[in-house]
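> Residue numbers (our numbering): 116 to 480.
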Ligand code: 1HN
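(1) Within 10 Å of its beta-carbon, does residue 292 have 16 or more other beta-carbons around it, so buried, or fewer, so exposed?
(2) Where residue 221 and residue 324 are concerned, what is the direct C-alpha to C-alpha distance, given to the nearest angstrom?
(3) Closer than 5 Å from C-beta to any heavy atom of the ligand 1HN: which residues, in chain order?
(4) Compare the C-alpha of residue 231 against each of 270, 223 and 240 and name the closest.
(5) Rounded to whole angstroms, what is the Cα-Cα separation between residue 179 and residue 188?
(6) Throw me the rounded Cβ distance for the residue 329 and residue 385 pair, which I believe falls under 8 Å.
(7) Any chance the stretch 424–444 sits against the stretch 141–159, with 3 or more Cβ pairs inside 8 Å?
(8) Would you list, in sequence order, the uninterrupted beta strand (DSSP E) runs of no fewer than 3 residues that lie entirely inside the stretch 131–177?
(9) Pull up the CB-CB distance for residue 403 and residue 409, whole angstroms please, since I reckon it's below 8 Å.
(10) Between residue 275 and residue 251, is the Cβ-Cβ spacing less than 8 Å?
(11) According to DSSP, is residue 375 helix, strand or coil?
(12) If you draw a straight line from the alpha carbon of residue 194 to that of residue 203, how long is it in whole angstroms?
(13) Taking 8 Å as the cut-off, does the stretch 391–402 touch the stretch 133–150 (at least 3 CB pairs, one atom from each stretch)?
(14) How far does the beta strand (DSSP E) with residue 190 in it reach, from first residue to last?
(15) Among residues of its own chain, excluding the 5 on either side of residue 413, which ones have a beta-carbon nearer than 6 Å to its beta-carbon?
(16) What do you get for residue 127, buried or exposed, if any count of 16 or more other CB atoms within 10 angstroms of its CB means buried?
(17) Is it true that the CB of residue 277 sits closer than 8 Å to the CB of residue 211?
(18) Under 8 Å, with one C-beta from each stretch per pair, do the stretch 248–263 and the stretch 158–176 reach the 3-pair mark?
(19) Check whether the Cβ atoms of residue 458 and residue 395 lie closer than 8 Å to each other.
(20) State the CB to CB distance for the pair residue 371 and residue 283, rounded to an integer number of angstroms; the pair is presumed to be in contact (CB under 8 Å).
(21) Kindly indicate the opening and closing residues of the beta strand (DSSP E) around residue 486.
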């Protein structure tokens, strides 16, 4: 904005200095930074390779013991565009947790919500408010906000799972609360797998059961049922942008599992290349089965089992499975927040037959 005629440059300079001293800002000088045409995340598209992760996860078992003060052995993934924030995206934490045979990660609770997706091992468990949820590969276990949770490993193999939390978002909103459980072990107040026994056949629920709040009462989404749903859907229809894609739902509402996190699972049939689109909200993807690649804002990221990659908000993205091979992607998303706040938008990529030209190879770690 130009300086008006009657004011000298010195007077204007003094004025702006006074504003600064008085903790004020002239909107006309900063408006263009505030009202951007569209979101451009500081978070960058990025991929972490399982081949790099696994040895470091295993080494953590030798280096770090689990005690009070270091209650969880977790390697967090830091987005290279956000070195000052603990998150894989600006809103979500992703990390791999490693629990050795016989170990116990003590109970605590916190206001951020968490999900776990089991990558490796069978015979671990998470107890959530007295409900012992048994872990196997592909199971997705919820820890709704402020529920007591501890983990154990009763098998003779290490357990590895993905932790997804809305921690960066809750921290930004300054809503973090945390409390350790006063004793070493949380009592099992319910039969093992209580929530599963009530709810796991998703088309039915107990007549007397009231909703427990804005969180799914089903705490353990077992892989066998997830896979069955995917394969049945694959026989009838698929989405142009995500192929055979499903969302984990709250059986009371049909909506997302929790108010700040949603989870998805998608099957890319052999040789599929989806069309590109973009939407507000970030996504963390874990390659659970098979291999393929995703194009994110023109950059190609090749992935295979165990790799984790992120799509920042409003980034164009499309997915492809390897020829002759199907692939399964698990995802954690902040979409429910964008929807609840009226900020959700999506747009299909129209040029080049709906597929992005690829401008660069994958970034190496
Ligand atoms: C946490 O409490 C767990 O309970 C896992 O297993 C990962 C990452 C950041 C903050 C808290 C857990 C976490 C976490």
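Even for Gly, the Cβ is constructed at its ideal location relative to N, Cα and C.
Answer, in terms of the structure:
(1) Classification of residue 292: exposed, given that the 10 Å Cβ count is below 16.
(2) Cα to Cα, the separation comes out at about 30 Å.
(3) In chain order, the residues that have a beta carbon nearer than 5 Å to some heavy atom of the ligand 1HN are 187, 189 and 278.
(4) Comparing Cα positions, the closest option is 240.
(5) Looking at the two C-alpha atoms, the distance is approximately 7 Å.
(6) The C-beta distance from residue 329 to residue 385 rounds to 38 Å, too long to meet the 8 Å contact threshold.
(7) Yes, since at least three Cβ pairs between the stretch 424–444 and the stretch 141–159 fall closer than 8 Å, the two stretches touch.
(8) Entirely contained in the stretch 131–177, the beta strand (DSSP E) runs reaching 3 residues are, in chain order, 161–163.
(9) With a Cβ gap of about 14 Å, residue 403 and residue 409 do not count as contacting.
(10) Going by C-beta atoms, residue 275 is not nearer than 8 Å to residue 251.
(11) DSSP places residue 375 in coil when its eight states are reduced to three.
(12) Their Cα atoms are separated by approximately 5 Å.
(13) Short answer: they don't touch.
(14) For residue 190, the uninterrupted beta strand (DSSP E) segment begins and ends at 189–191.
(15) Excluding positions up to five away in sequence, the list reads 471 and 474.
(16) It counts as exposed.
(17) Cβ distance < 8 Å, so residue 211 and residue 277 count as in contact.
(18) Not touching, per the Cβ criterion.
(19) Cβ distance < 8 Å, so residue 458 and residue 395 count as in contact.
(20) Residue 283 and residue 371 do not touch by the CB rule: their CB atoms are close to 18 Å apart, not below 8 Å.
(21) This structure does not reach residue 486, given that the chain is present from 116 up to 480, and the question cannot be answered.
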